[in-house]
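Chemist: Here you go, one structure.
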């Protein structure tokens, strides 16, 4: 299987023609700009948990799992092999 989460662009326009295939606008310049809404939601959830005493929406275990996935992805990219998570 495969998951695809494309980076944000100024528009969703895609062009095909005699001189180009699947030409699109450049990516937004900075990752904080591309994912501003997600970062805002993450910060809002964190502040809500701090203000109300509710459990944090993301745990240290979640962070470790994200790092493990990133490490496995890097290992796979460097080796060209499938890496079990």
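In my numbering, the protein residues as written are 28 to 112. Don't be surprised by glycine CBs; every beta carbon is placed ideally from N, CA and C. As the structure is a computational prediction, the values presented were derived from the model and not from experiment.
Name the residue from 91, 85, 104, 39 whose alpha carbon lies nearest to the alpha carbon of residue 53.
Modeler: Closest in C-alpha terms to residue 53, from the list 91, 85, 104, 39, comes 39.
Chemist: Go to residue 73, then tell me how far its alpha helix (DSSP H) extends in each direction, as first and last residue.
Modeler: 63 to 79
Chemist: Smallest Cα separation from residue 33: which of 55, 48, 42, 43?
Modeler: 55
Chemist: Going by C-alpha distance, which of 35, 110, 88 is nearest residue 98?
Modeler: Comparing Cα-Cα distances from residue 98 to each of 35, 110, 88, the minimum goes to 110.
Chemist: If you measure between the beta carbons of residue 72 and residue 87, is that distance less than 7 Å?
Modeler: no
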